[in-house]
Every structure is written in structure tokens, then in C-alpha cells.
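Enquirer: Before anything else, here's the structure in question.
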């Protein structure tokens with residue numbers, strides 16, 4: 289008998305791996321193999337911050353991310369996201385969506401089977417655990433308790449003049 293899965297995750301970087309950690313049967317597909325060094329969240333220079341002026345909708349997601357990183361550190365006994373302080377002194381360039389916000393949604397043509405997250409433009413690491421949680425919620429139940437209205441891609445479609 290062929291194996292069956294509850295969820296298929298394409299890409300096992302930080303968010304894909306976080307989405308896969310939900311106690312269901314998951315098939316994870318990764319181009320580079322497990323635990324590679326080619327992902328956007330790889331390396332020791334990832335920056336996180338709780339001061340996030342882009343939109344208030346990010347605040348509860350950031351707080352949940354910090355909770356989930358702390359849980360992962362407790363569960364594994366390993367330091368995952370050390371907090372060390374710092375000063376931001378550079379201007380960021382956004383390159384993924386015109387309004388500089390993420391896209392997190394069910395695929396409009398496959399709402400019962402495809403969930404999408406993209407457009408993180410260097411902000412992904414600090415949101416890894418919570419976006420993984422959101423993706424798993426959407427894939428398994430079709431909904432999430434997290435406030436993700438801001439990330440609906442329909443916002444990018446211009447209203448008729």
C-alpha cells in the first residue's frame with residue numbers, strides 16, 4: 289500500500305519545517321535536502337525585532353514568534369534565536385510586493401488543498417515559527433486564529449476606476 293499524507297510541504301526551510309511540525313503525517317519536499325545552508329534563514333546574522341512600525345497587525349505575530357522560538361529552545365535544549373540587542377542604522381529595500389506586506393493565503397483556485405506564503409523580503413526569520421503555525425492551521429483546518437487579513441493578496445488588485 290502506498291503511503292498517505294495529511295499534508296505535503298514544498299520547501300523545508302524555516303517556515304516549511306515549522307508548518308510540518310504539527311503531529312500529522314507530512315511529506316516534506318526539499319530541493320537541497322534536509323538541514324542545508326542555502327535557505328534565507330540560514331546563518332548567524334539573522335535579525336529580529338519587536339519594534340515593527342510597518343503595521344500594527346504584525347505585533348501579535350511577532351509576539352507569538354518569540355513564544356514559539358522560546359518553546360523550541362526549551363524543547364530541544366539548544367539556543368535557536370539568541371537575543372543580543374542592537375541598533376538599526378540602515379534603510380531596507382523591499383522587493384516582493386508593491387505595498388511591502390507579506391502574502392499568506394489559501395490559493396484561490398485550490399482553497400481546500402493549497403496554502404501559500406511569500407513576499408517576506410528579508411523579514412522571514414523573525415516570523416518563521418508563527419508563519420509555520422499559520423500555514424499548518426490553514427492547511428489542516430482552512431482557518432487560523434492569527435490576524436492575517438493584512439496579508440490577503442486581493443489587496444494588490446486595483447479597484448476599477
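Numbering (the working numbering), first residue to last: 289 to 449. Heads up, the beta-carbon is just placed ideally off N, CA and C, and yes, glycines get one too. Note that the coordinates shown come from a computational prediction; the quantities given were computed from them, not determined experimentally.
Ignoring anything shorter than 3 residues or poking outside the segment 352 to 408, list the beta strand (DSSP E) runs there in chain order.
Expert: Complete beta strand (DSSP E) runs here, min 3: 391 to 394, 403 to 406.
Enquirer: List the endpoints of the continuous alpha helix (DSSP H) containing residue 302.
Expert: For the purposes of this step, residue 302 is taken as residue 14 along the chain shown, with counting starting at 1. 302 to 308 is the extent of the alpha helix (DSSP H) around residue 302.
Enquirer: Nearest-angstrom Cα distance between residue 420 and residue 386?
Expert: For the purposes of this step, residue 420 is taken as residue 132 along the chain shown, with counting starting at 1. For the purposes of this step, residue 386 is taken as residue 98 along the chain shown, with counting starting at 1. Roughly 24 Å separates the two Cα atoms.
Enquirer: Among 416, 432, 443, 300, which one has its Cα closest to the Cα of residue 357?
Expert: Numbered from its first residue, the chain shown carries residue 357 at position 69. Selected option, being the one with the closest Cα: 416.
Enquirer: If you draw a straight line from the C-alpha of residue 292 to the C-alpha of residue 434, how long is it?
Expert: Counted from its first residue, the chain shown places residue 292 at position 4. Counted from its first residue, the chain shown places residue 434 at position 146. Approximately 29 Å, taken between the alpha carbons.
Enquirer: For residue 296, which of helix, strand or coil comes out of DSSP?
Expert: For this step, residue 296 is matched to residue 8 along the chain shown. Residue 296: strand per DSSP, three-state reduction.
Enquirer: Kindly indicate which residue of 326, 297, 354 has the alpha-carbon position closest to the one of residue 317.
Expert: Working through the chain shown from its first residue, we reach residue 317 at position 29. Comparing Cα-Cα distances from residue 317 to each of 326, 297, 354, the minimum goes to 297.
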